[in-house]
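**Q**
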Amino acid sequence: MTIAETAIDWFDLNARDLPWREPDASPWSILVSEVMLQQTPVVRVLPAWRNWMARWPVPAALAADPPGEAIRMWDRLGYPRRALRLHACATAIVERHGGEVPDDLELLLALPGIGVYTSRAVATFAYGQRHPVVDTNVRRFVSRAVAGEPDAGPATTPADLVACEALLPDEPARAARASAAFMEIGALICTARSPRCAACPVVSTCAWKATGRPMPEGPTRRPQKYAGTDRHVRGLIMAVLRQSDVPVSRHRIDLVWPDEVQRTRALAGLVTDGLAQPAPGLPEHYVLP
DNA sequence: CAAACGTGGCT
DNA sequence: TAGCCAAGTTT
Numbered sequence: 001m002t003i004a005e006t007a008i009d010w011f012d013l014n015a016r017d018l019p020w021r022e023p024d025a026s027p028w029s030i031l032v033s034e035v036m037l038q039q040t041p042v043v044r045v046l047p048a049w050r051n052w053m054a055r056w057p058v059p060a061a062l063a064a065d066p067p068g069e070a071i072r073m074w075d076r077l078g079y080p081r082r083a084l085r086l087h088a089c090a091t092a093i094v095e096r097h098g099g100e101v102p103d104d105l106e107l108l109l110a111l112p113g114i115g116v117y118t119s120r121a122v123a124t125f126a127y128g129q130r131h132p133v134v135d136t137n138v139r140r141f142v143s144r145a146v147a148g149e150p151d152a153g154p155a156t157t158p159a160d161l162v163a164c165e166a167l168l169p170d171e172p173a174r175a176a177r178a179s180a181a182f183m184e185i186g187a188l189i190c191t192a193r194s195p196r197c198a199a200c201p202v203v204s205t206c207a208w209k210a211t212g213r214p215m216p217e218g219p220t221r222r223p224q225k226y227a228g229t230d231r232h233v234r235g236l237i238m239a240v241l242r243q244s245d246v247p248v249s250r251h252r253i254d255l256v257w258p259d260e261v262q263r264t265r266a267l268a269g270l271v272t273d274g275l276a277q278p279a280p281g282l283p284e285h286y287v288l289p
């Protein structure tokens, strides 16, 4: 048994029952799920995805609404630029591809908010093509099980794609299922902090387990602070804008954070990013775009 | 290419 | 409790 076949057998029994994995899930619904899942846990994506698909079942429906509606619906999934880009993505799909999510890797990659991982995920999971789909879960799992390394590097490299491609079965549908299985094992078993090797389907051949499961040495990533950062302040301002049906006064925004310099910088950044804009014809007020 | 970019739950 | 972590993309 190859690692892929073993993973697929495990996946057949242990895969989570997620709506975007249903056989009738549309390419658009899969694309939306992939974007929402960028840096956001499944449990928080689930309700947001249902609301999103109920309101905008096809790209053209989303493109027909203003981007601010996407930002509102995004709620607190985090990184609201993803909502903005998903709206831009829907618009591009309508303009470039007649409203149909393209099935070509290069065309997918050219869409706003769609990078190396997501383009491959859509081509693979929505269209059944044979591509390596390499996210943080897969990189960690393959690093450990195949290379014996406790952790993968900070970003996906071409070498990662080659290494994962080598593990895939020839038949596209099987390859797609193998990628989903790798991701699931990485998410549920081969986790970053406390891997559950006792429940792992490939533990008997795992290179990392064979070497005694050494954990990574030094601090592998820089501290990820949030409290008091510009990100924090931007988040506070966006929460106010999201929740308001009417233009929000600068005075109201001033209440979210005491430091005026930082507050001003955060608001200016949001305007620059297209997440907020001055209310037309109403000085000192802001609205979603 | 390193840094910026939200948010909340878990250990 | 403070820090770590979660299906990345863009500049």
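Heads up: the first sequence begins at 1 in UniProt numbering, then just goes up one per residue. Glycine included, every Cβ here is placed at the ideal spot set by N, Cα and C.
1) With DSSP as the reference, please indicate the residues paired to residue 278 in a beta bridge.
2) How is the alpha helix (DSSP H) around residue 257 delimited, first residue to last?
3) Report whether the distance from the Cβ of residue 167 to the nearest heavy atom of the ligand PLP is below 7 Å.
4) Classify residue 9 as buried or exposed, calling it buried when 16 or more other Cβ atoms lie within 10 Å of its own Cβ.
5) Could you have a look at residue 42 and say whether DSSP puts it in helix, strand or coil?
6) Residues in its own chain within less than 7 Å of residue 156 by CB, not counting five upstream and five downstream?
7) Between which residues of its own chain and residue 203 is the CB-CB distance below 7 Å, once the five residues before and five after are set aside?
8) Use the C-beta contact count for residue 286: other C-beta atoms within 10 angstroms, 16 or more gives buried, fewer gives exposed.
9) Round the Cβ separation of residue 93 and residue 57 to the nearest angstrom and send it over; I've been treating them as touching at under 8 Å.
10) Quick check: the stretch 234–246 against the stretch 165–181, are there 3 or more CB pairs under 8 Å?
11) Using the DSSP secondary-structure output, state which residues sit across from residue 249 in a beta bridge.
12) Can you tell me where the alpha helix (DSSP H) with residue 117 in it begins and where it stops?
13) On the criterion of 16 or more Cβ atoms from any shown chain inside 10 Å, does residue 137 qualify as buried, or is it exposed?
**A** In short, the structure shows the following:
1) Note: residue 278 sits in a beta bridge opposite 286.
2) In this chain, residue 257 is not harboured by any alpha helix (DSSP H), its DSSP state being neither H nor E.
3) The ligand PLP is not part of this structure, which contains no ligands at all.
4) With fewer than 16 other Cβ atoms within 10 Å, it is exposed.
5) Looking at residue 42 - three-state DSSP - the assignment turns out to be helix.
6) Only 116, 117, 134, 139 meet the Cβ criterion.
7) These residues qualify, in order along the chain: 197, 209.
8) Residue 286 comes out buried.
9) Approximately 13 Å separates the beta-carbon atoms of residue 93 and residue 57; this is outside 8 Å, ruling out the contact.
10) Short answer: they don't touch.
11) Per DSSP, 285.
12) Its alpha helix (DSSP H) spans residues 116–125.
13) By the Cβ-count criterion, residue 137 is buried, with 16 or more other Cβ atoms from all chains shown falling within 10 Å of its own Cβ.
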